[in-house]
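150 is the number of the first residue of the sequence shown in the numbering used here; add one for each residue after it. Reviewing the structure listed below.
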Amino acid sequence: MSASKLPFKPPTRRGIGPSCVGLPAGPWPTLLDFLTARFPNITPQTWLDRMAHGDVIDEQGQPVLPQHGAQAPYAAHQRLSRRLYYYREVPDEPSIPFEAVVLFEDAHLLVVDKPHFLPVVPSGGYLRETLLVRLKNKLQLDDLVPIHRIDRDTAGLVLFSKQPASRGAYCALFSQHQVRKTYEAIAPWRPDLSWPHTRSSRIREAGHFMLQHEVPGQPNAITHIDVLEVRGDQARYQLKPVTGQRHQLRVHMLGLGLPILNDGLYPELTPEGQLDHARPLQLLAKRLEFTDPIKGEPRQFDSDRVLNGWMANT
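Spelled out as structure tokens, the structure:
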């Protein structure tokens, strides 16, 4: 495909890429009516404000003006563009007073040591206060993309791809389970269990969009667990997931009767807005090991962070 025929790609603005919405056939009188119906939690005035600021763009790269969005027939927009791009803002986004540390960088990879509480990518009520947006702004790397993710509550290692050309090779390492991942966690001590232990079960959504649970059936989640240290009624565990189900480590530890210290989801869901920065989840993505698909060299990265649950209980 020649450069002149490449699809329009809206630019990143202040580290934030645009969201995209398709324009299906439908009965909406105007584009504003469609957007209001498609996103019922966003007011018509918010869309008009975005248009006024040049934050709604068609696939030819032309801004949609407020009068066009509110007055021009929806069908006319469909004839001109199959999709729209828009830049969103999050009002009253909470500040996260913790910083990530870059551990390694070459032409293809960026390895970052993430703090607790910082989301990897924008979602929900987090946009600018995310690891991806912070890194894009700090390093001026608009093509930066996370190769994998860890939970907002979890600290530790996250790998980013810097170049679209080599991105697929690194993503394949994770999809083909060729990355050896090691976590650490602090949880209750159970001397009645034999160690090391392998937890193998089937994990599915638990009926709440934030929660997972174990169910009968063919296992889709495997974790190798061992004990590193015991202090009184708590222990520091080493967790090596073979698979990568959402919340796998938290669910597997709970299934063993070992809920991870300060877990705000398992066994009990903490109400929204009760985040306590003094009590981070005691789960750390400690080590990543793999063979670099571009250079053919073995790679090992280790987080410099240490779980502080011991200090809180001494």
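For glycine and all other residues, C-beta sits at the position ideal for the given N, C-alpha and C.
Requested in this report: Would you mind working out which of Y223, H257, D207 sits nearest Y236, comparing C-alpha positions?
Outcome: Here residue 236 refers to the residue found at position 87 when the sequence shown is read from its first residue. Cα-wise, what sits closest to Y236 is D207.
Query raised in the report: Taking the C-alpha atoms as reference points, what is the distance between A256 and F188?
Result: Residue numbering aside, residue 256 sits at position 107 when the sequence shown is read from its first letter. Residue numbering aside, residue 188 sits at position 39 when the sequence shown is read from its first letter. Roughly 39 Å separates the two Cα atoms.
Query - When R162, K158, P178 are compared against C169, the one with the closest alpha-carbon - result: Sequence index remark: in the sequence shown, residue 169 carries index 20 (1-based). Ranked by how close their Cα comes to the Cα of C169, the residues R162, K158, P178 have K158 in first place.
Query raised in the report: Which whole-angstrom value describes the C-beta separation of V269 and L276, a residue pair presumed to lie in contact below a C-beta threshold of 8 Å?
Result: In the sequence shown, the residue the question calls residue 269 occupies position 120. In the sequence shown, the residue the question calls residue 276 occupies position 127. With a Cβ gap of about 13 Å, V269 and L276 do not count as contacting.
Report task. Could you tell me if A224 is buried or exposed, where buried requires 16 or more neighbouring beta carbons within 10 angstroms of its beta carbon? Result -> Here residue 224 refers to the residue found at position 75 when the sequence shown is read from its first residue. Its Cβ having fewer than 16 others within 10 Å, A224 is exposed.
**Report entry** 7 Å Cβ cutoff met for A427 and G305
**Finding:** The residue labelled residue 427 in the question sits at position 278 within the sequence shown. The residue labelled residue 305 in the question sits at position 156 within the sequence shown. No.
Requested in this report: Can you check DSSP and say which residues form a bridge with F450?
Outcome: Here residue 450 refers to the residue found at position 301 of the sequence shown. The partner list for F450 (beta bridge, DSSP) reads L437.
Query - For R380: DSSP bridge partner residues - result: Here residue 380 corresponds to residue number 231 of the sequence shown, with the count starting at 1. Note: R380 sits in a beta bridge opposite Q383.
Report task. Please confirm if the segment 326–343 is in contact with the segment 382–399, defined as three or more CB-CB distances below 8 Å between the two stretches. Result -> Result yes; three or more Cβ-Cβ pairs closer than 8 Å.
Query raised in the report: Do R348 and V364 have their C-beta atoms closer together than 7 Å?
Result: Stepping through the sequence shown from its first residue, residue 348 is reached at position 199. Stepping through the sequence shown from its first residue, residue 364 is reached at position 215. Taking 7 Å as the Cβ cut-off, R348 and V364 do not qualify as a contacting pair.
Report task. Go through its chain and collect everything with a Cβ distance to T179's Cβ below 8 Å, but skip five positions before and after it. Result -> Mapped onto the sequence shown, residue 179 falls at position 30. Cβ-Cβ distances below 8 Å link T179 to G218, A219, Q220, A221, P222, Y223 in the same chain, with the five nearest sequence neighbours on each side left out; the list follows chain order.
Query - Closest Cα partner of D425 within the set L437, D412, L432 - result: One-based indexing of the sequence shown puts residue 425 at position 276. The option with the nearest alpha carbon to D425 is D412.
Query raised in the report: For R277, which three-state DSSP category applies?
Result: As a working mapping, residue 277 is identified with position 128 in the sequence shown. Here R277 sits in coil by DSSP.
**Report entry** Cβ separation of T401 and T372, assumed to be a contact under 8 Å, to the nearest whole Å
**Finding:** Your numbering for residue 401 matches position 252 in the sequence shown. Your numbering for residue 372 matches position 223 in the sequence shown. According to the sequence displayed, residue 401 carries His and not Thr. The beta-carbon separation of H401 and T372, rounded to 5 Å, stays under the 8 Å limit for a contact.
Report task. Please say whether I245 and N266 have beta carbons closer to each other than 7 Å? Result -> Here residue 266 refers to the residue found at position 117 of the sequence shown. Here residue 245 refers to the residue found at position 96 of the sequence shown. The sequence given here places Phe at residue 266; Asn does not occur at that position. Yes, the Cβ-Cβ distance between F266 and I245 is below 7 Å.
Report task. Determine the burial state of P390: buried for a count of at least 16 other Cβ atoms within 10 Å of its Cβ, exposed for fewer. Result -> Position 241 of the sequence shown, counting from 1, holds the residue named residue 390. Around the beta-carbon of P390, 16 or more other beta-carbon atoms lie within 10 Å, marking it buried.
**Report entry** Inter-residue Cα distance where the pair is R231 and Q209
**Finding:** For the purposes of this step, residue 231 is identified with residue 82 of the sequence shown, where counting begins at 1. For the purposes of this step, residue 209 is identified with residue 60 of the sequence shown, where counting begins at 1. Taking the straight line from one Cα to the other gives about 10 Å.
Query raised in the report: Under three-state DSSP, which class holds Y223?
Result: By 1-based counting over the sequence shown, the position of residue 223 is 74. Annotated three-state conformation of Y223 is helix, per DSSP.
**Report entry** Whole-number beta carbon distance between E333 and Q387, since they are thought to touch under 8 Å
**Finding:** Locating residue 387 in the sequence shown gives position 238, where the first residue counts as 1. Locating residue 333 in the sequence shown gives position 184, where the first residue counts as 1. Correct: roughly 6 Å between the Cβ atoms.
Query raised in the report: Which stretch, first to last residue, makes up the alpha helix (DSSP H) that contains S315?
Result: Walking along the sequence shown from the start, residue 315 turns up at place 166. DSSP places S315 in the uninterrupted alpha helix (DSSP H) bounded by 313–324.
Report task. State the Cα-Cα distance for the pair S153 and L172, rounded to the nearest angstrom. Result -> Position 4 of the sequence shown, counting from 1, holds the residue named residue 153. Position 23 of the sequence shown, counting from 1, holds the residue named residue 172. Since pLDDT at S153 reaches only 46, below the 50 mark, its modelled position is unreliable, and the value read off the structure follows with that caveat. Distance from the CA of S153 to the CA of L172, rounded to the nearest whole angstrom, comes to 24 Å.
Query - L259 - partner residues in DSSP beta bridges - result: Working through the sequence shown from its first residue, we reach residue 259 at position 110. According to DSSP, L259 bridges with E254, F309.
Requested in this report: Assuming I443 contacts S315 (C-beta within less than 8 Å), just tell me the rounded distance between them.
Outcome: Against the sequence shown, residue 443 aligns to sequence position 294. Against the sequence shown, residue 315 aligns to sequence position 166. Between I443 and S315 a beta carbon distance of about 6 Å is seen, short of the 8 Å cut, so the two are scored as contacting.
Query raised in the report: From T279 to R301, what distance separates their C-alpha atoms?
Result: The sequence position of residue 279 within the sequence shown is 130, counting from 1. The sequence position of residue 301 within the sequence shown is 152, counting from 1. Answer to the nearest angstrom: the Cα atoms are 9 Å apart.
Query - Identity of the residue in L437, E446, L430, F450 nearest N457 by Cα - result: Start at 1 with the first residue of the sequence shown, and residue 457 comes out as number 308. With distances taken between Cα atoms, N457 lies closest to L430.
Query raised in the report: Would the beta-carbon of L253 fall within 7 Å of that of Q327?
Result: Locating residue 253 in the sequence shown gives position 104, where the first residue counts as 1. Locating residue 327 in the sequence shown gives position 178, where the first residue counts as 1. As written in the sequence, residue 253 is Phe, which differs from the Leu given in the question. No.
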